[in-house]
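One structure below.
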Amino acid sequence: MHAFTIPQPGGPEALTWTKVDDPVPGEGEVLVEVAATAVNRADLLQRQGSYNPPPGAAPYPGLECSGRIAALGPGVAGWAVGDEVCALLAGGGYAEKVAVPVGQLLPVPRGLGLVAAAALPEVAATVWSNVFMVAHLRPGETVLLHGGASGIGTMAIQLAKAVGAKVIVTAGSAKKLARCAELGADVLVNYREQDFVTAVREATGGHGVDVILDIMGAKYLQRNVDALAVSGRLVIIGLQGGVKGEIDLSTLLAKRAAVVATSLRPRPLAEKAAIVAAVREHVWPLLESGVVKPVIDRVLPITDAAEAHRALEAGEQVGKVVLQV
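35 is the number that our numbering gives to position 54 of the sequence shown; each next residue is one higher, with no gaps.
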């Protein structure tokens, strides 16, 4: 088969479409013939040499895919060769085939095709696990989503609205904010022109937000705490604004608030399987009913992966960039 290897870390040109050995599904795995994959920021970090796959994972980039089952490994039940699926991966999506632990498989939602399904597993698992399983966002609460126009942001807006929460988003352009509004965001904050803490206080009558999903890390740390309500929950899932920050612990104590940092890729198989099962139970019905929809900015041939990486690095996209095999 062919896959994108990274002979030397570097810019988008480091991605090399190369002939490699076919994967063989092991115990509890299936072999998926990849129809499409999607680009995530972790792929950019891996290409740059700063985010290696966990032990045992395929060495190629790609944290999700869609396709058809080509073979079943030992001990697999409940799936058949030819089934159309999408999957959460620890790596290997930028390839023509990938071996997937059976607990990380999902059926393609009814009404959606394989290309659209490729944009779902990573964002659905990330949002559901963090906003709902960790932060326990409830109806009537308010959530602040940084990077509202990203793949994660566009999914989080829709899921938060689906459970009856109020949504505040930050984004860096009027175009992106307009798209967030179309998806249901209630309060729009242009972070280039507005202080989001001030905007949160105005939007909540000084109360603050109950949940924050943050991709920035250090740069936003203290301001995020300032924006929290009493008993608020800050969940950090990205470090685009740096890795070391300081917070005023007296503010955190006074608010009886929580700061949690999580990652998805290196989790044990059992934890990933539990998240995927929760996504299938809670998110898939919303997709199949049309309440929630995948947001896809563009679909490119997989051989144009370097172009896709440049688009993501430039922050051009709203939603996901999909690579079709």
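For every residue, glycine included, the Cβ atom is placed at its ideal position computed from N, Cα and C.
Query: Segment contact, 8 Å Cβ cut-off, at least three pairs: the segment 278 to 296 with the segment 103 to 110; Result: no
Query: Exposure label - Q(-11); buried when at least 16 CB within 10 Å; Result: exposed
Query: For W265, three-class secondary structure by DSSP; Result: helix
Query: Run of the alpha helix (DSSP H) containing F177, from where it starts to where it stops; Result: F177 to T185
Query: Residues bridged to G226 (per DSSP); Result: Partner(s): none; G226 has no beta bridge.
Query: Classification of S31 by the beta-carbon crowding that lies within 10 angstroms, buried from 16 upward; Result: exposed
Query: A180 vs V168 beta-carbon contact at 9 Å; Result: yes
Query: Any non-hydrogen atom of the ligand COA closer than 8 Å to A(-5) Cβ; Result: In the structure shown, the ligand COA is absent, as is every other ligand, since no ligand is present at all.
Query: Distance, A259 Cα to R28 Cα; Result: 30 Å
Query: Spatial neighbours of K200 in its chain, beta-carbon cut-off 6 Å, leaving aside the 5 residues before and after; Result: G222 and G223
Query: Presumed contact (8 Å Cβ cut-off) between G43 and G72, rounded CB distance; Result: 6 Å
Query: Within 9 Å, strictly: CB atoms of I149 and V190; Result: yes
Query: Any chain C beta carbon closer than 9 Å to V241; Result: Looking at the structure shown, chain C is missing, and only one protein chain is on hand.
Query: Outcome for P120 when other beta-carbon atoms lying within 10 angstroms are tallied against a minimum of 16; Result: exposed
Query: C-beta atoms of M114 and I228 nearer than 9 Å; Result: no
Query: Close-in-space but distant-in-sequence residues of the same chain around V20 (CB under 6 Å, 5 per side omitted); Result: A289, L293 and V302
Query: With 16 other Cβ atoms within 10 Å as the buried cut-off, status of A61; Result: exposed
Query: Per DSSP, cross-strand counterpart(s) of N171; Result: A152
Query: Option in N171, V170, V240 and R182 with minimal Cα separation from L202; Result: V240
Query: DSSP-derived helix/strand/coil call for R49; Result: strand
Query: A155 versus E174, K147 and V81, residue with shortest Cα-Cα distance; Result: E174
Query: Neighbour-count burial assignment, G129, 16 or more Cβ in a 10 Å radius; Result: buried
Query: Residue interval of the alpha helix (DSSP H) (run including K142); Result: G132 to A143
Query: Alpha-carbon spacing of L12 relative to C67, whole angstroms; Result: 12 Å
Query: For V272 and A208, the rounded distance between their alpha carbons; Result: 29 Å
Query: Cβ-based burial, E141 [other Cβ within 10 Å; buried from 16]; Result: In the sequence as presented, Glu is not what sits at residue 141; that position holds Ala. When all chains shown are included, A141 counts as buried.
Query: Reduced DSSP secondary structure (H/G/I, E/B, other) of V272; Result: coil
Query: Which of helix, strand or coil DSSP assigns to T243; Result: coil
Query: Straight-line gap, G54 to L(-4) (C-alpha atoms, nearest Å); Result: 30 Å
Query: Under the three-state DSSP convention, the category A61 falls into; Result: coil
Query: Neighbour-count burial assignment, T135, 16 or more Cβ in a 10 Å radius; Result: buried
Query: Cβ neighbour criterion (16 or more within 10 Å) applied to G145; Result: exposed
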